[in-house]
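Visitor:
Chains as they are written, first to last, in our numbering: chain U, 1079 to 1173; chain X, 159 to 635.
This is the structure we're talking about:
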């Protein structure tokens, strides 16, 4: 089933991507082709089958709760596009 | 100027340990080649000259007793630019990480440096490791050293090109669905996708966490084994890494028994290039005449690997790449508007078309109303595929197949057809989904002189057997 441009815009909003109109049209076309191909999976009987999740390391990993040094605060904050000594700065969220 | 096509990493490390060669000389030569031939191929994003020369000098000045303990003493190496290395930018082939300098070293970097390797540069790659041709890089495509009009493969195209050109004897790439094996096949190298969990991913930028593995390239099975032994092992910083007692792979390269080898018939279906099929047949005959038993086996879900892989990898990518939002590092757009506009505009301008396509596909597959039909279904099919492999390894020691359905394709040939590009992973994605190790072995050429790769797949932690079969098929000159 073809993906509509409205569906593409909805998914783009969920993914926080501000797509151009051209991109919306292109992704509607391309994703329709890819999803048609992916629909081949529906031919595989999997009724009641277990999903593969973490199949190789399917075990709990415990460690002692010991305080260790983390990266220096300044080393991390200085990488941000906008920050001060203690915080990352982002555009205003409230009023 | 001679290059690293004729001297192996094993030989360099021997020379440096014994004091017959200088780490600074080997490093300077690699840096010089990187600045000339590496630039022509567009294979590097960043050269790490200052630190490399400092590391090399420290090795030369070390006491002979300490130097004798370094398995990679003075060996120049390149890293794919999604592996964290302090003091130099890490781009992941993207615009969105503009100006980012990792504040910590990846665990593989720490292990390499402790082993005496010298990191000379960060290599070009498909953006966030998404691609099979290296054409999805913000920094432009890499050229295949064998034929510069062709793709080196992807996503670790830069790491493959620098070893194939002889700029360095070794490099690290990363694998998610074939991103080291396929470029190894396209460039005529050995490339290993380790068992899931064998190598720590601490400091590797995540793409699809349930298959990502840091993976080595080399020009011989011996060098590949040497590098793999250094980087493999448990790490407290990666809870998916596995404690396993790794042997000294390079010292046990002799195959000392006759193997049972399976040819999965589904890997020889439509779309396979005639020269590739003939090459596999030649490998089969060589193995048979050496006394190994070859039999046909069936892995019926093979043709479902690409749809399964693209659902799972894209879903995981859409979650993993949510962290690139303009807040903590890299690019930021529309700072004067709302928070959501800042996120959406930063991501729109920072990501390239293929990354957006995968994020869109993954977000759709995980979205309300579609999760069961796509992600859950794909996870169930994946589990059945894993069982198919498990079952086949009860009757054979190894599976033998092509690495890629064709030799290297032309740059530009597939870039406008995402699905055709995805299908070039058809023989590599199954082992990635099952978590088992696989190797690409350079075995002959096509009629127009392009390298062809033979793939061997083993059961989990069967790397030793993979190095042995590689060394058996292509003994060191």
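From the three backbone atoms N, C-alpha and C, an ideal C-beta is built for every residue, glycine too.
Check the Cβ of residue 503(X) against every Cβ in chain U and list those closer than 7 Å, keeping chain order.
Guide: 1096, listed in chain order.
Visitor: Please report how far the alpha carbon of residue 269(X) lies from the alpha carbon of residue 1102(U), in whole angstroms.
Guide: Roughly 45 Å between the two C-alpha positions.
Visitor: Using 8 Å as the cut-off, can you tell me whether the region 244-258 of chain X makes contact with the region 293-300 of chain X, which would need three or more C-beta pairs spanning the two stretches below that distance?
Guide: These segments touch.
Visitor: Note down, in chain order, all residues in the region 572-593 of chain X with a beta-carbon under 7 Å from any beta-carbon belonging to chain U.
Guide: From the region 572-593 of chain X, only 576, 577, 593 have a Cβ closer than 7 Å to chain U.
Visitor: Beta-carbon within less than 7 Å of residue 499(X)'s beta-carbon, same chain only, minus the 5 sequence neighbours each way: which residues are those?
Guide: Excluding sequence neighbours, residue 499(X) sits near 492.
Visitor: Could you pull out every unbroken beta strand (DSSP E) segment of at least 3 residues lying fully inside the region 520-606 of chain X, listed in chain order?
Guide: Segments of the beta strand (DSSP E) lying fully in the region 520-606 of chain X: 556-560, 596-603.
Visitor: Give a yes or no on whether the minimum CB-CB distance between residue 1093(U) and chain X is below 8 Å.
Guide: Chain X, which has a Cβ nearer than 8 Å to the Cβ of residue 1093(U), makes this yes.
Visitor: Would you kindly work out how many angstroms separate the C-alpha atoms of residue 574(X) and residue 580(X), rounded to a whole number?
Guide: If you take the alpha carbons of residue 574(X) and residue 580(X), they lie about 12 Å apart.
Visitor: For residue 175(X), which residues of its own chain have a beta-carbon under 7 Å away from its beta-carbon, when the five flanking residues on both sides are left out?
Guide: The residues are 225, 226, 228, 231.
Visitor: Indicate the three-state DSSP secondary structure (helix, strand or coil) for residue 234(X) in the structure shown.
Guide: Reduced to three states, the DSSP call for residue 234(X) is strand.
Visitor: If you measure from the beta carbon of residue 558(X) to each beta carbon in chain U, is any gap under 8 Å?
Guide: Chain U contact via Cβ: absent.
Visitor: Taking any Cβ of chain U, which residues in the region 332-356 of chain X have a Cβ under 8 Å from it, in chain order?
Guide: Within the region 332-356 of chain X, the residues whose Cβ lies closer than 8 Å to some Cβ of chain U are 353, 354, 355, listed in chain order.
Visitor: By Cβ distance, which residues of its chain are closer than 6 Å to residue 173(X), with the 5 residues on each side in sequence left out?
Guide: Cβ neighbours of residue 173(X) beyond the five flanking positions: 179.
Visitor: Does the beta-carbon of residue 439(X) have 16 or more other beta-carbons within 10 angstroms, so that it is buried, or is it exposed?
Guide: Classification of residue 439(X): exposed, given that the 10 Å Cβ count is below 16.
Visitor: Just to confirm before moving on: does the CB-CB distance between residue 344(X) and residue 377(X) stay below 8 Å?
Guide: No. Outside cutoff.
Visitor: Using a C-beta to C-beta distance shorter than 8 Å, which residues of chain U count as neighbours of residue 394(X)?
Guide: Under the 8 Å cutoff, chain U gives 1141.
Visitor: Do you know offhand how far residue 1152(U)'s Cα is from residue 1104(U)'s?
Guide: Rounded to whole angstroms, residue 1152(U) to residue 1104(U) spans 43 Å at the Cα level.
Visitor: Do residue 585(X) and residue 550(X) come within 8 Å of each other at the CB atom, strictly closer than that value?
Guide: Their beta carbons are not under 8 Å apart, which means residue 550(X) does not touch residue 585(X) by this criterion.
Visitor: Taking the alpha-carbon positions, what's the residue 489(X) to residue 1096(U) distance?
Guide: Each residue's alpha carbon lies about 15 Å from the other.
Visitor: Is the beta carbon of residue 280(X) sitting closer than 8 Å to the one on residue 202(X)?
Guide: Yes, they are a contact pair.
Visitor: Considering Cα atoms alone, identify which of 389(X), 595(X), 603(X) is closest to residue 437(X).
Guide: If we check each option's Cα against that of residue 437(X), 603(X) comes out closest.
Visitor: Name the chain X residues whose beta carbon is nearer than 9 Å to that of residue 1165(U)?
Guide: Within 9 Å Cβ-Cβ: nothing; residue 1165(U) doesn't reach chain X, min ~11 Å.
Visitor: Is there contact between the region 424-438 of chain X and the region 325-338 of chain X, where contact requires at least three CB pairs shorter than 8 Å?
Guide: Not touching, per the Cβ criterion.
Visitor: Among 517(X), 582(X), 486(X), 365(X), which has the Cα closest to the Cα of residue 429(X)?
Guide: Closest option to residue 429(X), Cα to Cα, is 582(X).
Visitor: Going straight from the alpha carbon of residue 1164(U) to that of residue 1144(U), what length do you get?
Guide: Straight-line Cα distance between these residues: approximately 24 Å.
Visitor: Between which two residues does the beta strand (DSSP E) harbouring residue 280(X) extend?
Guide: Residue 280(X) -> beta strand (DSSP E) spans 276-281.
Visitor: Which of the three DSSP states, helix, strand or coil, is assigned to residue 330(X)?
Guide: Strand, per DSSP.
Visitor: Using a Cβ-Cβ cutoff of less than 7 Å, which residues in the same chain neighbour residue 170(X) once the five nearest sequence positions on both sides are dropped?
Guide: Taken in chain order, the residues that qualify are 179, 184, 232, 233, 327.
Visitor: Looking only at its own chain, which residues have a Cβ that is under 6 Å from the Cβ of residue 618(X), when we skip the five neighbours before and after it?
Guide: Closer than 6 Å at Cβ, skipping near neighbours: 353, 594.
Visitor: For my contact list, residue 1158(U) and residue 495(X) are in at a C-beta cut-off of 8 Å; report their separation, rounded to the angstrom.
Guide: Contact flag wrong, Cβ pair sits at about 18 Å.
Visitor: Specify whether the region 614-628 of chain X and the region 375-391 of chain X touch according to this definition: at least 3 beta carbon pairs, one from each stretch, less than 8 Å apart.
Guide: The region 614-628 of chain X vs the region 375-391 of chain X: in contact.
Visitor: From what residue to what residue does the beta strand (DSSP E) around residue 614(X) run?
Guide: From DSSP, the beta strand (DSSP E) with residue 614(X) extends over 609-615.
Visitor: In angstroms with no decimal places, state the Cα-to-Cα distance between residue 159(X) and residue 206(X).
Guide: Because the pLDDT at residue 159(X) is just 45, under 50, the model does not fix this residue reliably, and the value given afterwards should be weighed accordingly. Taking the straight line joining both Cα atoms gives about 21 Å.
Visitor: Mind checking which residues open and close the alpha helix (DSSP H) that includes residue 376(X)?
Guide: It is not in any alpha helix (DSSP H) - residue 376(X) instead sits in the beta strand (DSSP E) that spans 371-376.
Visitor: Distance check for residue 371(X) and residue 416(X), CA to CA, integer angstroms please.
Guide: The alpha-carbon atoms of residue 416(X) and residue 371(X) are separated by roughly 30 Å.
Visitor: Identify the continuous alpha helix (DSSP H) that holds residue 398(X) and give its terminal residues.
Guide: Segment: none, residue 398(X) is in no alpha helix (DSSP H) and carries neither H nor E.
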